[in-house]
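S.K.:
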Amino acid sequence: GEVCNMINKKYNEFLPSMQSAEDLVSKVEGLCSHIDLLKAGIENEVQRDLNVAVAEFTELKQQLERDTLVLSILKKLQEFDTAIKDYNTALLEKKYVAAAQQLEKARSSLKMLESRKGFELKILKALGTELTVQTQNMLYHLGEEWQKLAVWKLPPSKESSSLESVMHSELHLRTVPSKEEEIAGPPVASVLQAFAVLGELHTKLKIFGQLLLKYILKPLISYPSLQPFTEEQSDVFILRFKSEEPSLDHSSPMEVFYKIQLVFEVLHKYLLNVPLEELAEDKKECRVTLAELLGDMIWEELSDCLIQNCLVNSIPTNSSKLEQYIEVIKSTEEFEKALKNMQFLKGDTTDLLEYARNVNSHFANKKCQDVIVAARNLMTSEIHNTVKITPDSCVALPRLPVPAAGDHLKMEKTSKLLHNDMVNLGNETKLSQHTFSLPTCRISSSVEKLMELAYQTLLEATASTDQCCIQLFYSVRNIFQLFYDVVPMYHKENLQKLPQLAAIHHNNCMYIAHHLLTLGHQFRYRLTNILCDGAATFVDLVPGFRRLGMECFLAQMRVQKGEILERLSSARNFSNMDDEENYCAANKAIRQVLHQLKRLGKVWQDVLPVNVYCKAMGTLLNTALSEIITRIAALEDISAEDADRLYSLCRTMVEEGPQVFTPLPEDDKNKKYQEEVPVYVQKWMTFKELMIILQANLQEIVDQWADGKGPLAAEFSAAEVKSLIRALFQNTERRAAALAKIK
Numbered sequence: 001g002e003v004c005n006m007i008n009k010k011y012n013e014f015l016p017s018m019q020s021a022e023d024l025v026s027k028v029e030g031l032c033s034h035i036d037l038l039k040a041g042i043e044n045e046v047q048r049d050l051n052v053a054v055a056e057f058t059e060l061k062q063q064l065e066r067d068t069l070v071l072s073i074l075k076k077l078q079e080f081d082t083a084i085k086d087y088n089t090a091l092l093e094k095k096y097v098a099a100a101q102q103l104e105k106a107r108s109s110l111k112m113l114e115s116r117k118g119f120e121l122k123i124l125k126a127l128g129t130e131l132t133v134q135t136q137n138m139l140y141h142l143g144e145e146w147q148k149l150a151v152w153k154l155p156p157s158k159e160s161s162s163l164e165s166v167m168h169s170e171l172h173l174r175t176v177p178s179k180e181e182e183i184a185g186p187p188v189a190s191v192l193q194a195f196a197v198l199g200e201l202h203t204k205l206k207i208f209g210q211l212l213l214k215y216i217l218k219p220l221i222s223y224p225s226l227q228p229f230t231e232e233q234s235d236v237f238i239l240r241f242k243s244e245e246p247s248l249d250h251s252s253p254m255e256v257f258y259k260i261q262l263v264f265e266v267l268h269k270y271l272l273n274v275p276l277e278e279l280a281e282d283k284k285e286c287r288v289t290l291a292e293l294l295g296d297m298i299w300e301e302l303s304d305c306l307i308q309n310c311l312v313n314s315i316p317t318n319s320s321k322l323e324q325y326i327e328v329i330k331s332t333e334e335f336e337k338a339l340k341n342m343q344f345l346k347g348d349t350t351d352l353l354e355y356a357r358n359v360n361s362h363f364a365n366k367k368c369q370d371v372i373v374a375a376r377n378l379m380t381s382e383i384h385n386t387v388k389i390t391p392d393s394c395v396a397l398p399r400l401p402v403p404a405a406g407d408h409l410k411m412e413k414t415s416k417l418l419h420n421d422m423v424n425l426g427n428e429t430k431l432s433q434h435t436f437s438l439p440t441c442r443i444s445s446s447v448e449k450l451m452e453l454a455y456q457t458l459l460e461a462t463a464s465t466d467q468c469c470i471q472l473f474y475s476v477r478n479i480f481q482l483f484y485d486v487v488p489m490y491h492k493e494n495l496q497k498l499p500q501l502a503a504i505h506h507n508n509c510m511y512i513a514h515h516l517l518t519l520g521h522q523f524r525y526r527l528t529n530i531l532c533d534g535a536a537t538f539v540d541l542v543p544g545f546r547r548l549g550m551e552c553f554l555a556q557m558r559v560q561k562g563e564i565l566e567r568l569s570s571a572r573n574f575s576n577m578d579d580e581e582n583y584c585a586a587n588k589a590i591r592q593v594l595h596q597l598k599r600l601g602k603v604w605q606d607v608l609p610v611n612v613y614c615k616a617m618g619t620l621l622n623t624a625l626s627e628i629i630t631r632i633a634a635l636e637d638i639s640a641e642d643a644d645r646l647y648s649l650c651r652t653m654v655e656e657g658p659q660v661f662t663p664l665p666e667d668d669k670n671k672k673y674q675e676e677v678p679v680y681v682q683k684w685m686t687f688k689e690l691m692i693i694l695q696a697n698l699q700e701i702v703d704q705w706a707d708g709k710g711p712l713a714a715e716f717s718a719a720e721v722k723s724l725i726r727a728l729f730q731n732t733e734r735r736a737a738a739l740a741k742i743k
């Protein structure tokens, strides 16, 4: 029963709470359906009204934008119109800057109008045309004014730019505005500023600058006699020229700078001291003056002209004058400073000053160029003007400059004149007197001068700045390289044709090679400090010069040998001398050879060093003897009469051959060399043995052979002797017996 009670109780409590839950559900369901109705209502009606409102708003907004645009366009059109009206008023009153500014205003209004997309108004084209017309009109007025302000009186253009025609150039600058213009401020300023506003100033100034350069500035640089001359009248300032006799061909830079500065001062005072800041409303960088604009346009050309026609000529040619060049540098600095003060030049150092300050390098360049030009002239001059040099000859040199204290001892040794016969080597070893001596001979005087030029230049180098020293040292090396390249080509034909010139050229080369051995040596204390170790030398050029001399002379020797053989080829092989005609031909050939040798002996006399002379003549005489021996030894039959005639031809050679040796002009001194002929002529003894054979009997020949130990065996082989025996003697038992002994 208790359990029942508990269930009832719980049930009674449960029922009401379930009831209230059911009520809640039904309320919620009611609310949901109400929301659905409301949603449907919104979707159908309110949304539609809202869309309509938004559409209306957008339309109104577009309407407003259109109206604003039209309004701004009308406003710009009005601005354009006002600007043109104001421009016209200002122009009538000659207020040029104001007028120009109004035109620019009109231009910017028009630009604005043209930039609106979708509003291609037909009127814009007309406005554009109107603006162009007015701008041209204004420029015309300004042009007229400008022409009154700066008047050029120029020589007729067909005249050349000679001094006479330049004298007619004048520039007139108007100084005082005429009465009615006084209100407009100085006319120069207003005209030029108006040009600036319209963007035409550059063109106008450029033309002015070109005239200024052509008719005033450049002539002042080119003609030392021109002086600028100024004259002030009541309302005009005149710049013209007067002519004075110049003291020198080139004016000094100081004079030229002074004249040009004067011109710039006049321009600055009367024309160009106009600031252009009025047009710079907010742009800071526009504070330019006309002077600066003009300076920018002409400075480069002007400074080039000053360098080329003025500074270049003022570079000194020897180092002693370099000191005084400080003046030129100073005056260049002052000139630039003056131009900077007048604002023609901006702040930084220019090419002009760079050039002047760089005088050492220009000095070196100029010096080197002068040296090379002088050298080239010497090389292309005649070879045959000669001077005699002897072992005692030395290149005339002034004393070397006094060195710094430390070098003192070393230098004293080198400052003695360099004698060919005595060279002081570093470790004081005395060489034999003739180690470095040159044999007596003749060289071209131009080569002697060339050597002096080389020494002089090196001497100058030792007194110069390091950079200059290096350049001069290399230009001396260039002299020799140039000789090596130029001389053989330039004198090519003569060196081939004329044996004397070939000999002189040979000596020239040997003389140069000789000096190159020691050339760097005398200057080594100064040069090696600057040039890297041991580079101050010319020794590397020596073999080339020796070869050059040898090759030229050997080529000449080949020519002479060729002529000798050519002449002997007409001797009919020395066969059948019993035939009168053959004998005459052979005799003539031998006479011609001797004549050729005699002539050579004369042209080389006193030119070639004696030892070279004797070797050369010996070689050529040897060529002749050798050829005669070969021809006679090849004969197959020699009659008794043939043998006699051949012998007399050979005797002529032996008697007269030595007489062609005349190395010295004094005859009595030549005997010695003529007696030494066997030393220089290799085949001399062979030739003498051949003559013995031509006169000997069989027994004498066998005796001369002496079992291969006699003098004959020293000159001929067994086969050659046998061949000669067969040609000279008839086939007998005695001949056979003699032949058997030759082996």
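First residue of the sequence shown? That's 1 in full-length UniProt numbering, and the numbers climb one at a time after it.
Using N, Cα and C, we set each Cβ at its ideal position, and we do this for glycine too.
Drop a sphere of 10 angstroms on the beta-carbon of D642, count the other beta-carbons inside from all chains shown, and report buried for 16 or more, exposed for fewer.
M.R.: So D642 counts as buried.
S.K.: Mind reading off the beta-carbon distance from V133 to V197? Whole number of angstroms is fine, and I expect it under 8 Å.
M.R.: Going by Cβ atoms, the distance from V133 to V197 rounds to 18 Å, so no, they are not a contact pair.
S.K.: Please report the Cβ distance between K242 and F257, rounded to the nearest whole angstrom; I am assuming they are in contact, meaning their Cβ atoms lie under 8 Å.
M.R.: Incorrect: roughly 19 Å between the Cβ atoms, too far for contact.
S.K.: Who are I260's beta bridge partners in DSSP?
M.R.: I260 pairs with nothing; no bridge assigned.
S.K.: Is the segment 632-651 touching the segment 734-741, taking contact as three or more C-beta pairs under 8 Å?
M.R.: Segments in contact, no.
S.K.: Which of the three DSSP states is assigned to H268 in this structure?
M.R.: Correct three-state label for H268: helix.
S.K.: Which residue comes first and which comes last in the beta strand (DSSP E) that contains E170?
M.R.: Unbroken beta strand (DSSP E) run through E170: 170-174.
S.K.: Apply the 10 Å Cβ neighbour rule to T386 and answer buried if 16 or more other Cβ atoms are within range, or exposed otherwise.
M.R.: Flag for T386 reads buried.
S.K.: Which partner residues of E231 appear in the DSSP bridge assignment?
M.R.: Partner(s): I238.
S.K.: Quick one: Cα of A454 to Cα of E245, how far?
M.R.: C-alpha separation (whole angstroms): 39 Å.
S.K.: Name the residue from L131, E627, E563, K214 whose alpha carbon lies nearest to the alpha carbon of W684.
M.R.: Measuring from the Cα of W684, the nearest candidate turns out to be E627.
S.K.: From the DSSP output, in three-state form, read off T429 for me.
M.R.: Confidence at T429 is low in this model, with a pLDDT of 40, below 50, so its placement is unreliable and the value that follows should be read with caution. Looking at T429 - three-state DSSP - the assignment turns out to be coil, as it is neither helix nor strand.
S.K.: Assuming L154 and I216 are in contact, meaning their beta carbons sit under 8 Å apart, how far apart are those beta carbons, in whole angstroms?
M.R.: Rounded, the Cβ-Cβ distance is 11 Å, inconsistent with contact.
S.K.: Quick one: residues in its chain with C-beta nearer than 8 Å to the C-beta of G199, no 5 flanking neighbours on either side, listed in chain order?
M.R.: Around G199: no qualifying Cβ.
S.K.: Beta strand (DSSP E) containing C310: first to last residue?
M.R.: Per DSSP, C310 belongs to no beta strand (DSSP E) and is neither H nor E.
S.K.: Rounded to whole angstroms, what is the Cα-Cα separation between E22 and T58?
M.R.: Whole-angstrom Cα-Cα distance: 52 Å.
S.K.: Taking Cβ positions, are L458 and P391 nearer each other than 8 Å?
M.R.: No, the Cβ-Cβ distance between L458 and P391 is not below 8 Å.
S.K.: Go to W146, then tell me how far its beta strand (DSSP E) extends in each direction, as first and last residue.
M.R.: Looking at the DSSP string, W146 is not in any beta strand (DSSP E); the run it does join, the alpha helix (DSSP H), is 122-149.
S.K.: Using only CA atoms, which one of L646, F473, Q695, R357 lies nearest to C584?
M.R.: Nearest C-alpha to C584: L646.
S.K.: Roughly how many angstroms separate the alpha carbons of R399 and V593, rounded to a whole number?
M.R.: Low per-residue confidence applies at R399: pLDDT is 48, beneath 50, and the placement is therefore not dependable, though the value from the model is reported in the following sentence. Distance between the alpha carbons of R399 and V593: 53 Å.
S.K.: Compute the Euclidean distance between the alpha carbons of N420 and F538, then round it to the nearest angstrom.
M.R.: Reliability of the predicted coordinates at N420 is poor, the pLDDT of 39 falling under 50, and the value obtained from them is presented with this limitation in mind. C-alpha separation (whole angstroms): 16 Å.
S.K.: Based on DSSP bridge pairs, tell me the residues matched to W604.
M.R.: Paired residues: none, contrary to the question.
S.K.: Output the residue ranges of the alpha helix (DSSP H) runs that lie fully inside the segment 618-688 and measure 4 residues or longer, sorted by chain position.
M.R.: Fully enclosed alpha helix (DSSP H) runs of 4 or longer: 640-656, 671-675, 677-680.
S.K.: What is the DSSP secondary structure of S252, counted as helix, strand or coil?
M.R.: The answer is coil: DSSP assigns S252 none of H, G, I, E or B.
S.K.: Mark L597 as exposed unless 16 or more other C-beta atoms lie within 10 angstroms of its C-beta, in which case mark it buried.
M.R.: L597 comes out buried.
S.K.: Quick check: what's the CA-CA separation for V677 versus A374?
M.R.: C-alpha separation (whole angstroms): 44 Å.
S.K.: Can you tell me which of L110, P219, V151, L690 puts its alpha carbon nearest to the alpha carbon of E164?
M.R.: That would be P219, whose Cα lies nearest to the Cα of E164.
S.K.: Who are the near neighbours of F264 in its chain, counting only those whose CB is closer than 7 Å to its CB and skipping five residues on each side?
M.R.: So the list reads L339, M342, F344, once near-sequence residues are dropped.
S.K.: Who are the Cβ neighbours of L127 in its own chain at under 7 Å, not counting the five residues just before and after it?
M.R.: The answer, listed in chain order, is F80, L110.
S.K.: Sorted by chain position, which residues of the same chain lie with C-beta nearer than 7 Å to residue 745's C-beta, five sequence neighbours on each side aside?
M.R.: Residue 745 cannot be examined here, being either before or after the span of the chain that is shown, 1 to 743.
S.K.: Span of the beta strand (DSSP E) holding S393?
M.R.: Note, S393: premise wrong, no beta strand (DSSP E); not H, not E.
S.K.: Judging by CA-CA distance, which residue of S319, L69, S108, L600 is the nearest neighbour of T662?
M.R.: Minimum Cα distance to T662 is reached at L600.
S.K.: Contact criterion: CB-CB distance below 8 Å. Does I470 meet it with respect to chain B?
M.R.: The structure shown contains no chain B; it holds only a single protein chain.
S.K.: Kindly indicate the opening and closing residues of the beta strand (DSSP E) around R442.
M.R.: Where R442 is concerned, the enclosing beta strand (DSSP E) stretches over 441-444.
S.K.: Taking only three categories from DSSP, how would you classify S570?
M.R.: Coil.
S.K.: For M6, is the classification buried or exposed, using 16 other Cβ atoms within 10 angstroms of its Cβ as the cut-off for buried?
M.R.: Under this definition M6 is an exposed residue.
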